[in-house]
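> To start, I am sharing the structure in question, which I have written as structure tokens.
Number of protein chains: 2
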Amino acid sequence: MTIIEELKQIVGGDAVLSGKGERMTYERDAYPLEAAQPLATVLPSTTEQVAAIVKLCVKHDIPFTPRGAGTGLAGGTLCPGGVLIGVARMNRVLDIDLRNRRLTAQAGAVNVELTKAVAGDGYLYAPDPSSQGASTIGGNIANNAGGPHTLKYGVTVNHVLALEMVLPDGEIVTLGDKTEDTNGYDLMGLAVGAEGTFGIVTQATLRLVRQTQAVRTLLAVFGTIDDATQTVSDIVAAGIVPAALEMLDGVIIQTVEDAFHYGFPRDAGAVLIIELDGLAAGIDTLAARVRDVCTASGAREVRQASTPQERAKLWAARKKAIGTLGRLAPSCVTQDCVIPRSKLPEVLRAIAGIGAKHNLRIANVFHAGDGNLHPATLFDERDPEQVQRVMAASHDILELCIGMGGTLTGEHGIGVEKRDYMPLLFPAETLRTMSDVRDVFNAAGLCNPGKILPTSHGCSFEFTPRGGAVAV
Amino acid sequence: MTIIEELKQIVGGDAVLSGKGERMTYERDAYPLEAAQPLATVLPSTTEQVAAIVKLCVKHDIPFTPRGAGTGLAGGTLCPGGVLIGVARMNRVLDIDLRNRRLTAQAGAVNVELTKAVAGDGYLYAPDPSSQGASTIGGNIANNAGGPHTLKYGVTVNHVLALEMVLPDGEIVTLGDKTEDTNGYDLMGLAVGAEGTFGIVTQATLRLVRQTQAVRTLLAVFGTIDDATQTVSDIVAAGIVPAALEMLDGVIIQTVEDAFHYGFPRDAGAVLIIELDGLAAGIDTLAARVRDVCTASGAREVRQASTPQERAKLWAARKKAIGTLGRLAPSCVTQDCVIPRSKLPEVLRAIAGIGAKHNLRIANVFHAGDGNLHPATLFDERDPEQVQRVMAASHDILELCIGMGGTLTGEHGIGVEKRDYMPLLFPAETLRTMSDVRDVFNAAGLCNPGKILPTSHGCSFEFTPRGGAVAV
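Residue numbers (this note's numbering), protein chains in the order written: chain A, 1 to 472; chain B, 473 to 944.
This is the structure:
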């Protein structure tokens, strides 16, 4: 019996995708610069099926990789020649416990569905990546995802209470605890953000947050990026913590406006979306203070969403902004560095310089309040010379951010894209410790190999699977 | 040259305490039921000295244990026959960066001193354990300490950006990053709460929080514990997240009142301290809602602190409450379980039953909003029969809480006290994984042995040090 037949025995014939077209479908995620076809993609429906698939892979010495919705930006779900374990069918909300403010869902549940399940009762699941209409909670956990509201509400790890996980040997374990505490070593905290290299998350118990009583959403319009970034720093320095504080530059204002006709001023150098939430009684006072800071820092105009519908439309435009860049170029690579907030003006100027140096257009739409940049470099992936320039520009951007005291990723992970940059951030000894910790969970190196750590530090795409795999 | 002489060469003669009385001074922390004399206590002044001490211990195969202020409740700093490394002299604030809202301090800096260093500029360090006037940031990190304001602001790990740590082989590393992100595996998150078993924290970069514009502190008085615990659940279910929500029962109201004359009603069954913070404009509306919930849930009376001085006096009484139990008995053991908030009424009743069963007085003062209980059992440690009853009652309380879906510790750690309860909370496989992860950092088992994991899972007090140590 072939491995494909054995997989079909576990999950049924319709849940094993191994045809030529199917393998091509799953050869990449949202990172455009690398592709690698899996041997097969399987779509289990239960935790027990995931465990059986993993045990089968271990028996055959084949690598395996978990996959949510494939919205990851760093190639974390590439699985050359291995078994890609898609959790899309494991998408149910299993339990809602409002009294203790928690919810349990399967790993394939789509982020926005969690909030929909409790919105009627006045609650929400706070982390809101821009991909939330598609991305799964399993993928969010693997990448410790953030979102516009991370500024006030924190990233995924701040909202995970417990995980059910299939370890790389196929054992099913529970990590963490449904009360908000850690006892012993924080293995759950370690698994969040491990990009599926410690095992496959199959189920999560998550914190719920009460909807705030009142929200005010402002749009501040600036002539220059410099004025906008300085305003970000000034708002936070004034002691105000907005629920969200996002920036869009002039390039992306144009494409977003072309796509959604929200009413952004086409001649602006940059806009800030500033959302405030809290009690109804104090919120207009706070909004007035924010307006004053914006005006003092050079805002040309400060608008306010006047209805919930207008607010929803503004956020839809923001969250789908990256997609609108397709109007300018067939491909874009989005970086994800984080820098100290106080360095925003300086770093944005330097990124513009990097674009000029490599003759590439770079658009900026990002979580300004967190200092979490998303410079999006536009190009045509069919032109190898452009690809070389894009990679050179990405390299310059990452080195710039690290030089400014920043990091490689805020929310989208290291994946394959940034693993070889890890030595810029960590000394060899720390990388060895990380590798040793991974070996505790993943000694055979079959569970999502080639991610996070530089290739010299462990299993990578040099890995040669049995079974006639195609690695691109 | 003896080890003591070698230690003196590293830190100077006045920083090595190895006389009989000195060893007795350091034979215990705030856990009253076990004591163990170190070979010596050393008080280094620099990270390099800590590294040199650790290397010396490794050379001589002697265990070593870090110690902050010794306020830990679970015996996490007992160091039988080993070298106790006290960080009390490493107490400086090294850097304050308000623009990026962070502060760097040495491990021996006392918690409250951090807030004092930035209060004039309108900031604070949020985690506020009741021991904050004495406990060090190093000890807070080792135990992932909480405090009354944990309910709204989170525990220590939510406020640590980066750590400087001396690994168990004497190497000095930096974990985490000064921007608020994790890249690669979260070794820093793993080290926080590891009770010094992964190395010795020597320096930490911490988040600062802006002081809130307005605070309201209410005292709600109840005839019964039942009414008070039900009110806790009702406040949170109403969608209100107080900054703090604390409960004191009738026993402790008496002793606190005897000690501080705050004006607590001596005939009350329980009181809640409810603190609200936020914008000035909305806060009185919110306070009125909380009053309404309290009254609807049976509060006899709801008072409000009318001046900052009155608020400070109320918090001082709360934070020093455990100490006032010395008026009733020479010793007390304070438990630290966490239960789902919705089970508070049921668990408090059961704890009263456990007190009656073992003929012991149990007082309750705790972080009610988090479900983090601190039942304090009063006894005389000179009476072995009482000690036996106390240990039996502690056992019953821990089993009760775990049976209710709770955990062993909210903020004070596992230490030696609760290590043998870990199998009630975790399957053997998970404990083995924890032990394997510890071995990555602490393979020789010399760094704070015998803590966190059950004694069968690693180095423990069976460890026989060289050098004529006395283990009690």
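Here a beta-carbon is modelled for each residue, glycine too, at the ideal position from N, C-alpha and C.
Just the C-alpha distance for Ala393 (chain A) and Thr377 (chain A), rounded to the nearest angstrom, thanks.
Roughly 8 Å between the two C-alpha positions.
> Going by other Cβ atoms of all chains shown within 10 Å of its Cβ, with 16 needed for buried, is Asp739 (chain B) buried or exposed?
So Asp739 (chain B) ends up on the exposed side.
> Suppose contacts are defined by Cβ-Cβ distances below 7 Å. Is Asp285 (chain A) in contact with Ala753 (chain B) by that definition?
Residue identity check: residue 285 (chain A) is Thr in the sequence provided, not Asp. Going by C-beta atoms, Thr285 (chain A) is nearer than 7 Å to Ala753 (chain B).
> Closest to Pro538 (chain B) by CA distance: which of B:His532, B:Gly722, B:Leu545, B:Ile557 is it?
Taking only the C-alpha atoms, the option nearest Pro538 (chain B) is B:Ile557.
> Would Met719 (chain B) be called buried (16 or more neighbouring beta carbons within 10 Å of its own) or exposed?
By the neighbour-count rule (16 or more Cβ atoms within 10 Å), Met719 (chain B) is buried.
> In whole angstroms, give me the CA-to-CA distance for Asp892 (chain B) and Asp721 (chain B).
Taking the straight line joining both Cα atoms gives about 29 Å.
> Give a yes or no on whether the minimum CB-CB distance between Asn364 (chain A) and chain B is below 7 Å.
No, no contact with chain B.
> When you compare the CB of Ala753 (chain B) with every CB in chain A, is at least one pair closer than 7 Å?
Closer than 7 Å to some Cβ of chain A, the Cβ of Ala753 (chain B) qualifies, so yes.
> Is Ala220 (chain A) close to the ligand NAP? I mean its beta-carbon at under 6 Å from any heavy atom of the ligand.
Absence of the ligand NAP from the depicted structure is noted, as is the absence of any ligand whatsoever, leaving it without description.
> Is Thr881 (chain B) close to chain A? Criterion is C-beta to C-beta, closer than 7 Å.
Yes, contact with chain A.
> Looking only at its chain, what residues have a beta carbon closer than 6 Å to the beta carbon of Asp706 (chain B), apart from the 5 residues adjacent to it on each side?
Excluding sequence neighbours, Asp706 (chain B) sits near Val765, Ser769.
> Would you mind stating whether Ser331 (chain A) and Glu381 (chain A) have Cβ atoms separated by less than 7 Å?
Yes, they are a contact pair.
> Under 7 Å Cβ to Cβ from Ile729 (chain B), same chain only, skipping five residues before and after it: list those, please.
The sequence as given places Glu at residue 729 (chain B); Ile does not occur at that position. Here the set comprises Phe736, Arg738.
> In chain A, what lies closer than 7 Å to Asp658 (chain B) by C-beta?
Here the neighbours are Gly189, Leu190, Gly193.
> List, in chain order, every chain B residue whose beta-carbon is nearer than 8 Å to that of Asn442 (chain A).
Going along chain B, no residue has its Cβ under 8 Å from Asn442 (chain A), so there is no contact; the nearest lies around 11 Å.
> Please list, in chain order, the residues of the region 735-759 of chain B that have any C-beta partner in chain A closer than 9 Å.
Within the region 735-759 of chain B, the qualifying residues are Gly750, Leu751, Ala752, Ala753, Gly754, Ile755, Asp756, Thr757, Leu758.
> With a cut-off of 7 Å, does the C-beta of Glu246 (chain A) fall near any C-beta of chain B?
Judged by the 7 Å Cβ criterion, Glu246 (chain A) is not in contact with chain B.
> If we count the other Cβ atoms within 10 Å of its Cβ and call it buried at 16 or more, is Gly468 (chain A) buried or exposed?
Residue confidence is low: Gly468 (chain A) scores 28 on pLDDT, short of 50, so the model does not pin down where it sits. Its coordinate-derived value is still stated next. Exposed, since its Cβ has fewer than 16 Cβ neighbours within 10 Å.
> If we count Cβ pairs, one from each stretch, closer than 8 Å, do we get three or more for the region 893-910 of chain B versus the region 543-553 of chain B?
Contact fails: fewer than three Cβ-Cβ distances are below 8 Å.
> Please state if the CB of Ile811 (chain B) and the CB of Gly843 (chain B) are separated by a distance shorter than 7 Å.
Result yes, Cβ atoms of Gly843 (chain B) and Ile811 (chain B) sit closer than 7 Å.
> Among A:Val16, A:Pro44, A:Val251, whose alpha-carbon lies nearest the alpha-carbon of Gly355 (chain A)?
With distances taken between Cα atoms, Gly355 (chain A) lies closest to A:Val251.
> Name the two residues that bound the continuous alpha helix (DSSP H) containing Pro847 (chain B).
Taken as a continuous stretch (DSSP letters only), Pro847 (chain B) belongs to no alpha helix (DSSP H), being part of the beta strand (DSSP E) at 847-851.
> Quick one: is Gly239 (chain A) near chain B, going by C-beta distance under 7 Å?
Taking Cβ atoms only, chain B reaches closer than 7 Å to Gly239 (chain A), which makes this a yes.
> So, is Thr2 (chain A) buried or exposed, given that buried needs 16 or more other C-beta atoms within 10 angstroms?
By the 10 Å Cβ count, Thr2 (chain A) comes out exposed.
> Sorted by chain position, which residues of the same chain lie with C-beta nearer than 8 Å to Tyr734 (chain B)'s C-beta, five sequence neighbours on each side aside?
Correct list, in chain order: Val728, Lys785, Leu786, Ala789.
> With burial defined as no fewer than 16 other Cβ atoms inside 10 Å of the residue's Cβ, what is the status of Asn831 (chain B): buried or exposed?
Burial call: exposed.
> Would you identify the three-state DSSP class for Pro675 (chain B), choosing helix, strand or coil?
Just to set this straight, residue 675 (chain B) is Gln in the shown sequence, not Pro. The answer is strand: DSSP assigns Gln675 (chain B) an E or B state.
> Determine the chain A residues that contact Ser814 (chain B) at a beta-carbon separation under 9 Å, and present them in chain order.
Correct list: Asp97, Arg99, Asn100.
> Mapping DSSP to helix, strand and coil, what is Gly605 (chain B)?
Gly605 (chain B): coil per DSSP, three-state reduction.
> Return the Cβ separation of Val488 (chain B) and Ala512 (chain B) in integer angstroms, given the expectation that the two are a contact with Cβ distance under 8 Å.
Going by Cβ atoms, the distance from Val488 (chain B) to Ala512 (chain B) rounds to 6 Å, so yes, they are a contact pair.
> Classify Thr104 (chain A) as helix, strand or coil using the three-state DSSP reduction.
Strand, per DSSP.
> Under 7 Å, do Leu114 (chain A) and Tyr123 (chain A) count as touching if we go by C-beta distance?
Not closer than 7 Å, so no.
> Hey, how far is the Cα of Leu903 (chain B) from the Cα of Gly406 (chain A)?
So the alpha carbons of these two residues sit roughly 35 Å apart.
> Please list the segments of the alpha helix (DSSP H) lying wholly inside the region 338-416 of chain A, counting only runs of 4 or more residues, in order along the chain.
The region 338-416 of chain A contains these whole alpha helix (DSSP H) runs: 344-357, 384-403.
> Answer with yes or no whether the minimum CB distance from Thr182 (chain A) to chain B is below 7 Å.
So yes, Thr182 (chain A) belongs to the interface.
> If I'm right that Asn655 (chain B) touches Leu408 (chain A) with Cβ under 8 Å, what's the distance once you round it to whole angstroms?
Indeed, because the Cβ distance is near 5 Å, the residues count as touching under 8 Å.
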